[in-house]
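S.K.:
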Amino acid sequence: MVEDWITTSWTEIALVVVSSIVTVAVVIVYVRIAGLRTFAKMSSFDFAITLAIGSIIATTALTSTPLVSGLASAGVLIFLKIALARLRRFSSVAGFVDNEPILLMEGPELIESNLRRAGVSVRDIREKLREANVLRMEDVKAVVFETTGDISVLHGEGPLDPELLEGVRRS
C-alpha cells in the first residue's frame, strides 16, 4: 500500500513530464494571444481565471485527464478572459466583474470605514505616503485603493481634478 503511494512507473513519470511541458507551452501561447494583462494586476475575474488555469494545468499533468481535454479547457478560459475584457467596456459588465476603487483618504483625513472595507491599516497608508515622498499630510489630496489592490497617493501643489476620482467609492 505505502509502496504504491511512493513509487510509480517510468511510463507514468514520462507522461507527467510530457504533459507538463506541453501544457505549459500551450498556456504560454494562450497568454501571448490574450495579452500581457492576463496575469498582471488582477481583478476578481482575472484571479479566478488564474486559479482555474492553474488547477487545469495540475490536473492535466498529474491525472489521467487527456492532454487535449486540459488544453481545450484552458483555451476556453483564455477565450472567456478575452471576451470579458472586451465586454468590460460596458459599465454594467465592468461593475459586476471588476473590483471598485475605494477612497481611503480625502485630503489629510483618513476615511476609517473605507479602510476597514478595503482591509487596509493606517500603517499601510503611512507606508504608501512615504513611498510617494509625501512630506506633509496637508499635501495629500487623496489616497485610493485601486481595483488591482494597489494604493495610489495623489499629492502635490494645486487642486485635484475631480475627474481623477470619477468612479471611486467615497463611503
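Note that this note's numbering has the sequence shown beginning at 160, numbered continuously upward.
Ideal Cβ placement from N, Cα and C applies to all residues, glycine included.
Measure from the alpha carbon of A301 to the alpha carbon of each residue in A217, E259, H314 and F206, then state which is nearest.
M.R.: It is H314.
S.K.: Is L288 buried or exposed, if buried means 16 or more other CB atoms sit within 10 Å of its CB?
M.R.: Burial call: buried.
S.K.: I187 and I237 - do their beta-carbons sit closer together than 9 Å?
M.R.: No, they are not a contact pair.
S.K.: Got a sec? Which residues, its chain only, sit under 7 Å from I270 by beta carbon, not counting five neighbours each side?
M.R.: Cβ neighbours of I270 beyond the five flanking positions: L262, L263, M264 and S330.
S.K.: Taking all protein chains shown into account, do 16 or more other C-beta atoms lie within 10 angstroms of the C-beta of N273, making it buried, or fewer, making it exposed?
M.R.: Answer is buried; the Cβ neighbour count reaches 16.
S.K.: Per DSSP, which residues does V303 bridge with? Please list them.
M.R.: Note: V303 sits in a beta bridge opposite L262 and S311.
S.K.: Helix, strand or coil for E271 per DSSP?
M.R.: It is helical.
S.K.: Who pairs with R328 in a beta bridge, going by DSSP?
M.R.: R328 pairs with I261.
S.K.: Comparing C-alpha positions only, which one of V293, S179 and R247 sits nearest to D205?
M.R.: It is R247.
S.K.: How about L221 and V281: are their beta carbons less than 9 Å apart?
M.R.: Cβ distance not < 9 Å, so L221 and V281 don't count as in contact.
S.K.: Look at the Cβ atom of I241, then the Cβ atom of G229, and state whether they are nearer than 9 Å.
M.R.: Not closer than 9 Å, so no.
S.K.: Can you tell me which of P225, I208 and A211 puts its alpha carbon nearest to the alpha carbon of V181?
M.R.: When each option's Cα is compared against that of V181, the closest is P225.
S.K.: Taking the alpha carbon of G326 as the point to measure from, which residue in L210, V312 and T306 has its own alpha carbon closest?
M.R.: Nearest C-alpha to G326: T306.
S.K.: With C-beta atoms as the reference, is S202 less than 9 Å away from D257?
M.R.: Against a cut-off of 9 Å, the Cβ pair of D257 and S202 comes out as a contact.
S.K.: According to the Cβ coordinates, are V303 and P267 closer than 9 Å?
M.R.: Contact: no.
S.K.: Measure the alpha-carbon distance for G254 versus A244 and round it to whole angstroms.
M.R.: The alpha-carbon atoms of G254 and A244 are separated by roughly 13 Å.
S.K.: Quick one: using the 10 Å Cβ neighbour count with 16 as the cut-off for buried, is T219 buried or exposed?
M.R.: Buried.
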